[in-house]
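Report on the following structure.
Protein chains: 2
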Amino acid sequence: MTAVSPVLDPEATIGILGGGQLGRMLVLAAARLGFKCHVFAPNPDSPAFDVVHRVTCADYTDTEALDRFASDVDVVTYEFENVPAETAAFLAARVPVLPDPAILATTQDRLVEKNFVAGLGIPTAAFADIPSPGKLKAAIEHIGRPAVLKTRRFGYDGKGQVAIKNGTDPDAAWREAGGQPCILEAFVPFEREVSVVAARGHAGGVECFDVTENEHRDHILKTSRVPAALSERDAAQARRIAEIIAQKFGYVGVLAVEMFLLREGELLVNEIAPRVHNSGHWTLDGASVSQFEQHIRAVAGWPLAKPLRHGRVEMINLIGREVEDYRRYLNVPGTAVHLYGKTAVRPGRKMGHVTRVIGE
Amino acid sequence: MTAVSPVLDPEATIGILGGGQLGRMLVLAAARLGFKCHVFAPNPDSPAFDVVHRVTCADYTDTEALDRFASDVDVVTYEFENVPAETAAFLAARVPVLPDPAILATTQDRLVEKNFVAGLGIPTAAFADIPSPGKLKAAIEHIGRPAVLKTRRFGYDGKGQVAIKNGTDPDAAWREAGGQPCILEAFVPFEREVSVVAARGHAGGVECFDVTENEHRDHILKTSRVPAALSERDAAQARRIAEIIAQKFGYVGVLAVEMFLLREGELLVNEIAPRVHNSGHWTLDGASVSQFEQHIRAVAGWPLAKPLRHGRVEMINLIGREVEDYRRYLNVPGTAVHLYGKTAVRPGRKMGHVTRVIGE
Numbered sequence: 164m165t166a167v168s169p170v171l172d173p174e175a176t177i178g179i180l181g182g183g184q185l186g187r188m189l190v191l192a193a194a195r196l197g198f199k200c201h202v203f204a205p206n207p208d209s210p211a212f213d214v215v216h217r218v219t220c221a222d223y224t225d226t227e228a229l230d231r232f233a234s235d236v237d238v239v240t241y242e243f244e245n246v247p248a249e250t251a252a253f254l255a256a257r258v259p260v261l262p263d264p265a266i267l268a269t270t271q272d273r274l275v276e277k278n279f280v281a282g283l284g285i286p287t288a289a290f291a292d293i294p295s296p297g298k299l300k301a302a303i304e305h306i307g308r309p310a311v312l313k314t315r316r317f318g319y320d321g322k323g324q325v326a327i328k329n330g331t332d333p334d335a336a337w338r339e340a341g342g343q344p345c346i347l348e349a350f351v352p353f354e355r356e357v358s359v360v361a362a363r364g365h366a367g368g369v370e371c372f373d374v375t376e377n378e379h380r381d382h383i384l385k386t387s388r389v390p391a392a393l394s395e396r397d398a399a400q401a402r403r404i405a406e407i408i409a410q411k412f413g414y415v416g417v418l419a420v421e422m423f424l425l426r427e428g429e430l431l432v433n434e435i436a437p438r439v440h441n442s443g444h445w446t447l448d449g450a451s452v453s454q455f456e457q458h459i460r461a462v463a464g465w466p467l468a469k470p471l472r473h474g475r476v477e478m479i480n481l482i483g484r485e486v487e488d489y490r491r492y493l494n495v496p497g498t499a500v501h502l503y504g505k506t507a508v509r510p511g512r513k514m515g516h517v518t519r520v521i522g523e
Numbered sequence: 164m165t166a167v168s169p170v171l172d173p174e175a176t177i178g179i180l181g182g183g184q185l186g187r188m189l190v191l192a193a194a195r196l197g198f199k200c201h202v203f204a205p206n207p208d209s210p211a212f213d214v215v216h217r218v219t220c221a222d223y224t225d226t227e228a229l230d231r232f233a234s235d236v237d238v239v240t241y242e243f244e245n246v247p248a249e250t251a252a253f254l255a256a257r258v259p260v261l262p263d264p265a266i267l268a269t270t271q272d273r274l275v276e277k278n279f280v281a282g283l284g285i286p287t288a289a290f291a292d293i294p295s296p297g298k299l300k301a302a303i304e305h306i307g308r309p310a311v312l313k314t315r316r317f318g319y320d321g322k323g324q325v326a327i328k329n330g331t332d333p334d335a336a337w338r339e340a341g342g343q344p345c346i347l348e349a350f351v352p353f354e355r356e357v358s359v360v361a362a363r364g365h366a367g368g369v370e371c372f373d374v375t376e377n378e379h380r381d382h383i384l385k386t387s388r389v390p391a392a393l394s395e396r397d398a399a400q401a402r403r404i405a406e407i408i409a410q411k412f413g414y415v416g417v418l419a420v421e422m423f424l425l426r427e428g429e430l431l432v433n434e435i436a437p438r439v440h441n442s443g444h445w446t447l448d449g450a451s452v453s454q455f456e457q458h459i460r461a462v463a464g465w466p467l468a469k470p471l472r473h474g475r476v477e478m479i480n481l482i483g484r485e486v487e488d489y490r491r492y493l494n495v496p497g498t499a500v501h502l503y504g505k506t507a508v509r510p511g512r513k514m515g516h517v518t519r520v521i522g523e
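So the sequences go chain by chain: Y and G. Heads up: the first sequence runs through residues 164 to 523, numbered per the numbering used here. Heads up: the second sequence runs through residues 164 to 523, numbered per the numbering used here.
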């Protein structure tokens, strides 16, 4: 079965792969619209399990569990990009899976993704395929230092990345990256990091949220601000890039495109996330429709909403022990506190976020 | 155990009696804050069951089920005012129940409620106790026609109400009201119906949402608009009335006070709802905090939020077959669609609502 896009009735059940905070917030958005959800996730402590009646706690390779899951839902979507290809294929043979799992093959591999973006005529940092350590030295010569060596697969929040500075030994860097196929990317002296969260509906229309400016700390998103401080021309260009990517994929749902803004105003695409994205959490309180509802509308075959922003908005992640700050934020007028129901506090773990609408 | 107000950790579990749309929206608000919920309701089709992992489907008189429920939760609250007194007492002996169930004794009985309000020096329509049909004729003489005969208990959405017009036979009216203890109320030629949704926190502070203007159709709320078209003086007086009532009750949580505004500016209290209220649904999209979150904050012992309104807001109930209009509303920019996940469409049944923020 190809990823057809059915138009769901409000009584329909949406299957969600992945039980983290993104899955949880997708469930909450679906519930507002009357949908039922069924969450499939391997971890019994999945935050999404708390907010849904039907859950399957099983491994992504458990075909019996996947089969039962598929027969219980009307459409399947996912909260994360590392859905195993076999899982997606197994499900797609039984029930519509949106966005089309074929897209995962592109976004799960940094090299394929970069080639895809470059093939659309959209600028990226200079990059080189590093299939083996032998190729790394020449690539560093070509691209120059500083650069970043990244594993092609399974990287997020800075995992699987090694900085190539002056004096970094290529062989040591290769080993540090796990001795697996990599991509070498030129280090980009960016002015700002921005992202566009965009939704494409089943009829092919695209709605972009306003360009968001992001600050990372230890490779983890710490703060998003919207609107980003860039010219209207650059903002329009950023939205256009996201729209081109969504259209080229024939995407149905929400995706995020992370970009670097250079001093000269050039925008380089850094990464595509084929899912709702942390830099879109501000939409929960700062816009007339959230990224989560927009995604649910798209995969349900419902019309996208036109997003209207309530003002300037700031989103701050509560990471690790910072979650304790929720008490303070509860007392700040106009600030919305979101906690993800995670009991174990670990360094670098996203425990919640707060959103503040600052007025016009 | 008296209704002490513990300060909950975000990992705590909130027990909710009642599984309708109000319970459902309370669960969704609690989930945003990281809380787990356990919903207790007798109807297996309860809309709240879809959005929560732990449910008990049992009768309110099932003490075994209530006992298990009480031992699984850190605090109990309710979505409706007709919680049986025995149920509330049984639970309150085992776990904090908020708001204090003693308040239900007042609000479950129109006569006791009216006497309570009048005892606070707050105006109401003229009313008389009608314990038996023999008292009705004299009371009609005294109060005048038109008037309304209402059962003292279990009335909502116009149920249990009989209009006493010119020519209405008192005995027939008594029979139509079910031949049970009633209250006779003078008909009030009101200019507007308004309500105040107010929260009182465990520390005793009260936060009122802006006064809402309500239009009913066939005794069921159809439209709410905020701010209500009344003078700042009248609005302040309406909020003051709600605050006096909340304070007198020592209330913890959200309550709603429905009032009639007379042509001369006088405000008469019509009804108190000791729970979140349909006329506060606009707060989900039209304010920086919703009535549901405010209630959860209060029963969790967390500080109340200062509600900031996003603009003029309109809320329209989707009743019975009107639910089909959701398709049209999905395309109206700035309009949020809420569906309650009810499968059976019945005349007069509240199926969902839409909220529109209209700007300043």
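Note that beta-carbon positions come from the ideal geometry of N, C-alpha and C, so glycine has one too.
Per-residue contacts from Leu-493(Y) into chain G (C-beta, under 8 Å): Arg-460, Trp-465, Pro-466, Ala-468, listed in chain order.
Closer than 8 Å, CB to CB, is Lys-199(Y) near chain G or not? Taking a beta-carbon distance threshold of 8 Å, Lys-199(Y) counts as an interface residue toward chain G.
For the segment 403-433 of chain G, list every residue whose C-beta sits within 8 Å of some C-beta in chain Y, in sequence order. Across the segment 403-433 of chain G, no CB contact with chain Y closer than 8 Å is found for any residue.
Looking at the C-beta of Asp-213(Y), does it have a partner C-beta in chain G at a distance below 8 Å? Answer yes: the Cβ-Cβ gap between Asp-213(Y) and chain G drops below 8 Å somewhere.
Mind listing the chain Y neighbours of Met-185(G)? Cutoff is C-beta to C-beta under 7 Å, in chain order. Inspection of the sequence shows that residue 185(G) is occupied by Leu rather than by Met. For Leu-185(G), no chain Y residue has a C-beta closer than 7 Å to its own C-beta; the minimum C-beta separation is roughly 14 Å.
Kindly confirm or deny that the segment 505-521 of chain G and the segment 430-449 of chain G touch, where touching means at least three C-beta pairs closer than 8 Å. Contact holds: three or more Cβ-Cβ distances are below 8 Å.
Spatial neighbours of Ala-477(Y) within its chain, please: C-beta separation below 6 Å, excluding the five flanking residues on both sides. The sequence shown places Glu at residue 477(Y), not Ala. If we look at Glu-477(Y) and ignore the five residues flanking it on each side, its Cβ neighbours are Arg-388, Arg-519.
Does the distance from the CB of Ala-194(G) to the CB of Leu-191(Y) come in under 8 Å? Taking 8 Å as the Cβ cut-off, Ala-194(G) and Leu-191(Y) qualify as a contacting pair.
Under the assumption that Ile-404(G) contacts Val-415(G) (Cβ atoms under 8 Å), give the Cβ distance between them as a whole number of angstroms. Their Cβ separation, rounded to whole angstroms, is 19 Å, which puts Ile-404(G) and Val-415(G) out of contact at 8 Å.
Determine the extent of the beta strand (DSSP E) in which Phe-198(Y) is found, giving its start and end residues. Where Phe-198(Y) is concerned, there is no enclosing beta strand (DSSP E), given that its DSSP letter is neither H nor E.
Run of the beta strand (DSSP E) containing Phe-379(Y), from where it starts to where it stops: This sequence places His at residue 379(Y); Phe is not what is there. Counting along the chain, the unbroken beta strand (DSSP E) around His-379(Y) starts and ends at 375-380.
Comparing the C-beta of Ser-209(G) with each C-beta of chain Y, is any distance below 8 Å? So no, Ser-209(G) is outside the interface.
Within the continuous alpha helix (DSSP H) that includes Glu-395(Y), where are the two ends? Its alpha helix (DSSP H) spans residues 395-412.
Just mark Thr-224(Y) as buried or exposed, buried being the case when its beta carbon has 16 or more other beta carbons within 10 Å. The residue in question, Thr-224(Y), is exposed, as its Cβ has fewer than 16 Cβ neighbours within 10 Å.
Name, going along the chain, the residues of the segment 442-459 of chain G whose beta-carbon falls closer than 7 Å to a beta-carbon of chain Y. Using a CB distance below 7 Å, the part of the segment 442-459 of chain G facing chain Y consists of Ser-451, ordered along the chain.
Interface residues of chain G facing Thr-527(Y) [CB-CB closer than 7 Å]: No answer is possible for residue 527(Y): the residues shown for chain Y start at 164 and end at 523.
Alpha helix (DSSP H) containing Ser-234(G): first to last residue? Segment 226-235, the alpha helix (DSSP H) holding Ser-234(G).
To the nearest angstrom, how far is the alpha carbon of Met-164(G) from that of Arg-257(G)? Only weak support exists for where Met-164(G) lies, its pLDDT of 41 falling under 50; the coordinates are left without a value.
Where does the unbroken beta strand (DSSP E) through Thr-386(G) begin, and where does it stop? DSSP places Thr-386(G) inside the beta strand (DSSP E), whose first and last residues are 383-389.
For Lys-298(Y), the three-state DSSP class (helix, strand or coil): Helix.
Would you mind working out which of Leu-425(G), Ile-293(G), Ile-177(G) sits nearest Val-236(G), comparing C-alpha positions? Considering only alpha carbons, the answer is Ile-177(G).
Measure how close the beta-carbons of Arg-315(Y) and Cys-345(Y) come, nearest whole angstrom, since I'm counting them as under 8 Å. Approximately 6 Å separates the beta-carbon atoms of Arg-315(Y) and Cys-345(Y); this is inside 8 Å, confirming the contact.
Are any of the Cβ atoms in chain Y nearer than 8 Å to that of Ala-366(G)? Ala-366(G) does not count as touching chain Y.
Looking only at its chain, what residues have a beta carbon closer than 6 Å to the beta carbon of Met-188(G), apart from the 5 residues adjacent to it on each side? Phe-455, listed in sequence order.
Name the two residues that bound the continuous beta strand (DSSP E) containing Ala-349(Y). Here the beta strand (DSSP E) through Ala-349(Y) covers 345-349.
Which residues in chain Y have a C-beta closer than 9 Å to the C-beta of Val-520(G)? List them in chain order. Going along chain Y in sequence order, the residues near Val-520(G) (Cβ under 9 Å) are Ser-451, Leu-471, His-473.
Could you give the C-beta distance for Ile-482(G) and Lys-513(G), rounded to a whole number, given that I count them as a contact under 8 Å? With a Cβ gap of about 6 Å, Ile-482(G) and Lys-513(G) count as contacting.
Once DSSP output is grouped into helix, strand and coil, what is the label at Thr-446(Y)? Correct three-state label for Thr-446(Y): helix.
When burial is assigned at 16 or more other CB atoms within 10 Å of the CB, is Arg-273(G) buried or exposed? Classification for Arg-273(G): buried.
List the residues of chain C that His-501(Y) touches, going by C-beta distances under 7 Å, in chain order. Reference to chain C is not applicable here, since the protein chains of this structure are Y and G.
Check whether chain Y comes within 8 Å of His-516(G), counting only Cβ atoms and requiring the distance to be less than that. Chain Y contact via Cβ: absent.
Within the same chain, show all residues whose beta-carbon is closer than 7 Å to that of Ala-302(G), passing over the 5 residues directly before and after it, in chain order. Excluding its 5 nearest sequence neighbours in each direction, Ala-302(G) has C-beta neighbours in its own chain below 7 Å: Ala-291, Ile-293, Leu-347, listed in chain order.
In the DSSP assignment, find the unbroken beta strand (DSSP E) run with Thr-314(G) in it and report its ends. Here the beta strand (DSSP E) through Thr-314(G) covers 310-314.
Contiguous beta strand (DSSP E) assignments of at least 3 residues, all confined to the segment 417-447 of chain Y: Here the runs fully enclosed are 430-436.
Going by Cα to Cα distance, which pick from Gly-511(Y), Pro-510(Y), Tyr-503(Y) is closest to Pro-173(G)? For the residues Gly-511(Y), Pro-510(Y), Tyr-503(Y), the minimum Cα distance to Pro-173(G) belongs to Tyr-503(Y).
Tell me whether His-379(G) is buried or exposed, calling it buried when 16 or more other Cβ atoms sit within 10 Å of its Cβ. Exposed: under 16 other Cβ atoms inside 10 Å.
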